[in-house]
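K.L.:
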């Protein structure tokens with residue numbers, strides 16, 4: 541681990557707009573925000589994006605906030621994440637934690653957060669993490685109840701899907717997305733003609749795609765991590781499957797798209813929380829440039845969500861929330877205009893209530909935003 545100290549400036553909301561009436565303290569407030577994310581294992585690419593988003597926000601802290609942070613790799617084992625969190629909170633004063641995006645790790649970390657009363661800021665999409673009445677969990681990527689609803693709505697309403705096949709990962713992430721897709725499809729009176737749970741170790745996608753085709757599927761709805769998503773797209777193109785494909789958020793990651801030829805992407809769409817490469821606003825364009833300068837690669841929606849979450853916590857500190865308890869209260873009650881959307885808790889720690897659908901034209905790896913969805917109650 542390495543101890544880092546960062547200073548900087550970031551545009552922050554006025555105290556009134558943030559729901560905090562106290563003015564920023566005259567002397568520098570202190571914030572210790574460890575970054576505990578998966579940097580090795582099957583989620584290393586996504587975890588690196590999460591880390592980079594957190595670190596960029598910490599390095600861009602308000603000038604009135606003195607920031608310290610450690611970065612630690614949680615791998616993919618739940619016990620590794622738990623041990624990392626226990627070390628972090630036992631070291632002393634912790635204001636908040638940038639916590640793993642892996643659902644199984646988040647579920648394991650939640651009792652520690654409750655015990656030490658420390659807010660965990662995450663971009664995990666697993667639905668269950670905000671369904672357990674833990675007041676210290678704050679999710680800044682739209683949960684599966686939001687993005688899966690958008691994914692299905694786009695597939696059915698825009699792509700006229702009637703006989704979908706669902707391919708999902710065997711872990712908590714895959715199971716959560718699978719359950720939410722079934723709920724969303726039920727609203728349209730649609731039952732999948734084929735469903736298959738795939739372990740991340742599966743490399744040959746031809747058998748499952750052949751089974752989906754034999755079942756009469758007209759489309760593939762994916763809830764897969766990056767490597768599996770790329771394999772499905774390449775195999776589908778090689779088989780000339782000809783099905784509508786609406787993928788999960790992995791399709792928004794530049795590192796995943798880089799594994800697939802643009803022609804193999806043609807017509808593929810997917811859900812995500814934001815599309816920084818599309819840079820719809822001046823603020824997102826600035827973030828894109830800063831991220832590229834800092835890390836020499838392109839950001840994805842996970843980086844944006846984690847950036848916004850840490851920026852919101854730092855904004856709370858800048859306006860007087862100097863303890864973990866005060867930051868927890870601020871995150872629970874204030875609203876914050878971030879890069880991707882305006883964030884506000886629904887009472888369960890779900891902060892993000894917007895989703896976008898991106899699509900690829902087969903000519904480049906640059907995604908285009910096809911549709912926005914808003915689900916403020918989720």
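Numbering (our numbering), first residue to last: 541 to 918. Heads up, the beta-carbon is just placed ideally off N, CA and C, and yes, glycines get one too.
Alpha carbon to alpha carbon, how far is residue 638 from residue 564? Give it in angstroms, no decimals.
P.N.:
The count along the chain shown starts at 1 and reaches residue 564 at position 24. The count along the chain shown starts at 1 and reaches residue 638 at position 98. Low confidence applies here, because residue 564 scores a pLDDT of 42, under 50, leaving its location unreliable; read the following figure in that light. In a straight line, the C-alpha of residue 564 is about 23 Å away from that of residue 638.
K.L.:
Between the stretch 784–792 and the stretch 725–739, are three or more C-beta pairs nearer than 8 Å?
P.N.:
The stretch 784–792 is not in contact with the stretch 725–739.
K.L.:
Report yes if the CB atom of residue 588 is closer than 7 Å to the CB atom of residue 862, and no otherwise.
P.N.:
In the chain shown, residue 588 corresponds to position 48, counting from 1. In the chain shown, residue 862 corresponds to position 322, counting from 1. Not closer than 7 Å, so no.
K.L.:
For residue 736, write down the residues that DSSP places opposite it in a beta bridge.
P.N.:
The sequence position of residue 736 within the chain shown is 196, counting from 1. Note: residue 736 sits in a beta bridge opposite 707.
K.L.:
What residue does the beta strand (DSSP E) around residue 911 start on, and which one ends it?
P.N.:
Your numbering for residue 911 matches position 371 in the chain shown. Taken as a continuous stretch (DSSP letters only), the beta strand (DSSP E) holding residue 911 covers 908–914.
K.L.:
Would you mind reading off the limits of the alpha helix (DSSP H) that contains residue 761?
P.N.:
Here residue 761 refers to the residue found at position 221 of the chain shown. Element bounds for residue 761: not the alpha helix (DSSP H) but the beta strand (DSSP E), 759–763.
K.L.:
Within 10 angstroms of its Cβ, does residue 765 collect 16 or more other Cβ (buried), or is it exposed?
P.N.:
Residue numbering aside, residue 765 sits at position 225 when the chain shown is read from its first letter. It is buried - the Cβ of residue 765 has at least 16 other Cβ atoms within 10 Å.
K.L.:
Compute the beta-carbon to beta-carbon distance between residue 879 and residue 811, rounded to the nearest angstrom, for a pair I have assumed lies under 8 Å.
P.N.:
The residue given as residue 879 occupies position 339 in the chain shown. The residue given as residue 811 occupies position 271 in the chain shown. Rounded, the Cβ-Cβ distance is 18 Å, inconsistent with contact.
K.L.:
Put residue 751 into one of helix, strand or coil per three-state DSSP.
P.N.:
In the chain shown, counting from the first residue as 1, residue 751 sits at position 211. If DSSP states are grouped into helix, strand and coil, residue 751 belongs with the helices.
K.L.:
Let me know the alpha helix (DSSP H) ranges lying completely inside the stretch 572–609, each 4 residues or longer, listed in chain order.
P.N.:
With a minimum length of 4 residues, the continuous alpha helix (DSSP H) runs that stay inside the stretch 572–609 are 584–599.
K.L.:
Is the beta carbon of residue 840 less than 7 Å from the beta carbon of residue 685?
P.N.:
Here residue 840 refers to the residue found at position 300 when the chain shown is read from its first residue. Here residue 685 refers to the residue found at position 145 when the chain shown is read from its first residue. No. Outside cutoff.
K.L.:
Measuring only the C-alpha atoms, how far is residue 904 from residue 772?
P.N.:
On the chain shown, position 364 is the one that residue 904 refers to. On the chain shown, position 232 is the one that residue 772 refers to. Rounded to the nearest angstrom, the two C-alpha atoms are 19 Å apart.
K.L.:
In angstroms, rounded to a whole number, what distance separates the CA positions of residue 713 and residue 843?
P.N.:
In the chain shown, counting from the first residue as 1, residue 713 sits at position 173. In the chain shown, counting from the first residue as 1, residue 843 sits at position 303. Whole-angstrom Cα-Cα distance: 18 Å.
K.L.:
Take the Cβ of residue 916 as the centre, count every other Cβ of all protein chains shown within 10 Å, and call the residue buried at 16 or more, exposed below.
P.N.:
The residue labelled residue 916 in the question sits at position 376 within the chain shown. By the 10 Å Cβ count, residue 916 comes out exposed.
K.L.:
Is the beta carbon of residue 658 sitting closer than 7 Å to the one on residue 611?
P.N.:
In the chain shown, the residue the question calls residue 658 occupies position 118. In the chain shown, the residue the question calls residue 611 occupies position 71. No; because the gap between Cβ atoms is not below 7 Å, this pair is not in contact.
K.L.:
In chain order, what residues of the same chain have a beta carbon less than 7 Å from the beta carbon of residue 864, not counting five sequence neighbours either side?
P.N.:
In the chain shown, counting from the first residue as 1, residue 864 sits at position 324. Here the set comprises 634, 635, 636, 657, 658, 659.
K.L.:
State yes or no: is the C-beta of residue 872 within less than 7 Å of the C-beta of residue 885?
P.N.:
Within the chain shown, the letter at position 332 stands for residue 872. Within the chain shown, the letter at position 345 stands for residue 885. Closer than 7 Å, so yes.
K.L.:
Mapping DSSP to helix, strand and coil, what is residue 833?
P.N.:
Numbered from 1 along the chain shown, position 293 holds the residue referred to as residue 833. In the structure shown, residue 833 sits in a helix (DSSP, three-state: H, G or I).
K.L.:
Sort 889, 911, 887 by Cα distance to residue 896 and report the nearest one.
P.N.:
Working through the chain shown from its first residue, we reach residue 896 at position 356. For the residues 889, 911, 887, the minimum Cα distance to residue 896 belongs to 911.
K.L.:
Can you give the Cα-Cα distance for residue 870 and residue 665, rounded to whole angstroms?
P.N.:
Sequence index remark: in the chain shown, residue 870 carries index 330 (1-based). Sequence index remark: in the chain shown, residue 665 carries index 125 (1-based). Computed Cα separation, rounded: 22 Å.
K.L.:
Do the CB positions of residue 845 and residue 661 come within less than 7 Å of each other?
P.N.:
The residue you call residue 845 lines up with position 305 of the chain shown. The residue you call residue 661 lines up with position 121 of the chain shown. No; because the gap between Cβ atoms is not below 7 Å, this pair is not in contact.
K.L.:
For residue 710 and residue 683, I'd like the C-alpha separation in whole angstroms.
P.N.:
Position 170 of the chain shown, counting from 1, holds the residue named residue 710. Position 143 of the chain shown, counting from 1, holds the residue named residue 683. Roughly 18 Å between the two C-alpha positions.
K.L.:
Where does residue 821 sit, in a helix, a strand or coil, going by DSSP?
P.N.:
The sequence position of residue 821 within the chain shown is 281, counting from 1. In the structure shown, residue 821 sits in coil (DSSP, three-state: anything other than H, G, I, E or B).
K.L.:
Can you give me the C-alpha to C-alpha distance between residue 643 and residue 775, rounded to a whole angstrom?
P.N.:
Along the chain shown, read from residue 1 onward, the residue named residue 643 stands at position 103. Along the chain shown, read from residue 1 onward, the residue named residue 775 stands at position 235. Going by the C-alpha atoms only, they are around 27 Å apart.
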